[in-house]
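In what follows, a single structure is set out as structure tokens and then discussed.
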Amino acid sequence: MVQGTANWNTKQNQEWLQEYVEDWISFYRKHTKEGKVASYIPLLAEANPDHLGISIFGANGMTLRAGEVDIPFTIQSISKVISFIVACMERGVGYMLDRVDVEPTGEAFNSIMHLEMRKVEKPFNPFVNAGAISVTSMLPGRTSDEKLEPMFQLLDRILGYRPQINVDVYESERDSSMRNRAIGYYLLETGFLESDLNITLETYFKQCSIEITVDDLAQIGLILANDGEDPKNQQEIIPRQVARIAKALMLTCGMYDASGKFATYVGVPAKSGVSGGIIAVAPPRVRDEELPFVDGCGIGVFGPALDDKGNSIAGIRLLRHIASQWDLSIF
Ligand code: DON
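In terms of the working numbering, the sequence shown opens at residue 1 and continues consecutively.
Structure follows, in structure tokens:
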């Protein structure tokens, strides 16, 4: 455990923490060798499996960054957090929760089997593909551009710039997405799709192909850690109720069939994507001792070598280490 002092937000402590984070990146980088980059979307297979980067943005204004922090990557499944938040803001929380459940599946993110085997009344949660595609179909708008617009507007408000779609990744996913098409047809047959199937899938593939960096994930995480408010100016960006539901879902379903282990060993809401990104949210915590980031922080990680569940292998280990060193667990 890093020993506390009365005030972590000093230049000396920032330098000290920065050195720790750099050491941890060097140490955990060797774990990237145990994973593999995603290959089911051909363009993702071109990522460098040795990369590992982290950004931590504290509510107290402290920023720590180490490793490959400037490499853009596509947001992939982390977009499911944004699309769900936007759908709740546009359609209302009650409307969304009537149509998509909030239960973990214990299955792979792209499983179809559980929908049929368990004869579900609605998709299990917004973070498995079935639920996410259904949520995307509920975004208002007739075209994919119209459906994406409120997502871009929210990202622009949080990040201070409008991210772009990586068209090559979008086309690569669109042309290799047999399983998501199968899920889409199943949702259509069972009445869980509220827009045209092709428009919905086009929107889903585009939202997954939005290009971001670890800094962007840390900034989104910071807003969620602060229950939807920007700690810099106390402005509400995401309604508190929506931010809290999003965090509950991240904790229970965000790391797919590894969510239980992540909650146990790391203990903070998080969401992963197959390009190797992880967003983690450490809310403010009350402890007797002084600890770094006691007012909360957002964390963005990038490590494209994945484990067999589709989560960044070194990223998870790095987060586990940091959470234990700084006592970030919400439990
Ligand atoms: O649906 C897909 O296949 C992807 N575009 C997103 C999947 C993803 O990121 C799963 N995360 N671990």
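Every residue, glycine too, gets a C-beta built ideally from N, C-alpha and C. Just so it is clear, the structure is predicted and the values come from calculations on it, not from any experiment.
Relative to the alpha-carbon of F349, which residue among S259, F302, H321 and A305 has its alpha-carbon at the smallest distance?
A query on residue 349 cannot be resolved here, the shown segment of the chain reaching from 1 to 331 and no further.
How long is the line joining the alpha carbons of E107 and F84, rounded to whole angstroms?
Straight-line Cα distance between these residues: approximately 20 Å.
Find out if the Cβ-Cβ distance for the pair V93, I238 is shorter than 8 Å.
Judged by their CB atoms, V93 and I238 are not nearer to each other than the 8 Å cut-off.
Which full runs of the alpha helix (DSSP H) of 4+ residues lie inside the stretch 62-131, going along the chain?
Runs found: 79-91, 93-99 and 113-117.
C-alpha gap between E103 and R179, whole angstroms
Those two C-alpha atoms are separated by around 22 Å.
V2 to Y28 span [Cα, whole Å]:
At V2 the pLDDT is 48, less than 50, meaning the model places this residue with poor confidence; the figure from the coordinates comes in the next sentence. One C-alpha to the other measures close to 18 Å.
When you compare only the Cα positions, how much space is there between E290 and P269?
Roughly 22 Å between the two C-alpha positions.
Spatially closest choice to A314 from S324, Q325 and V301, by CA coordinates:
Measuring from the Cα of A314, the nearest candidate turns out to be V301.
Please identify the residue among G254, D168, I183 and C88 whose C-alpha is closest to the C-alpha of M138.
When each option's Cα is compared against that of M138, the closest is C88.
Residues sharing a beta bridge with G53, DSSP:
Per DSSP, G67 and F302.
Taking the C-alpha atoms as reference points, what is the distance between E146 and P140?
Taking the straight line from one Cα to the other gives about 7 Å.
Check whether the Cβ atoms of S55 and V214 lie closer than 8 Å to each other.
Their beta carbons are under 8 Å apart, which means S55 touches V214 by this criterion.
Less than 7 Å between the CB of G273 and some heavy atom of the ligand DON, yes or no?
Result yes, Cβ under 7 Å from the ligand DON.
My output table needs one value for V21: the three-state DSSP class, helix, strand or coil.
In the structure shown, V21 sits in a helix (DSSP, three-state: H, G or I).
Beta strand (DSSP E) containing G254: first to last residue?
Careful: G254 lies outside any beta strand (DSSP E) and carries neither H nor E.
G310 versus G184 - alpha carbon distance
When rounded, the distance between both Cα atoms is 21 Å.
Is there at least one non-hydrogen atom of the ligand DON closer than 7 Å to the beta-carbon of S77?
Result yes, Cβ under 7 Å from the ligand DON.
Using 8 Å as the cut-off, can you tell me whether the stretch 152-159 makes contact with the stretch 186-204, which would need three or more C-beta pairs spanning the two stretches below that distance?
Too few Cβ pairs lie closer than 8 Å, so no.
Would you say Y256 touches the ligand DON, meaning its beta carbon is less than 7 Å from a heavy atom?
The beta carbon of Y256 sits closer than 7 Å to at least one heavy atom of the ligand DON.
Nearest to E90 by CA position, among P150, T63 and P49, is which residue?
Distance from the Cα of E90 is smallest, within the candidate group P150, T63 and P49, for P150.
Any heavy atom of the ligand DON closer than 7 Å to the Cβ of G315?
No, the ligand DON has no heavy atom inside 7 Å of this Cβ.
Check each candidate in G191, Y265 and D168 and name the one with the smallest Cα separation from A45.
Per the Cα distances, D168.
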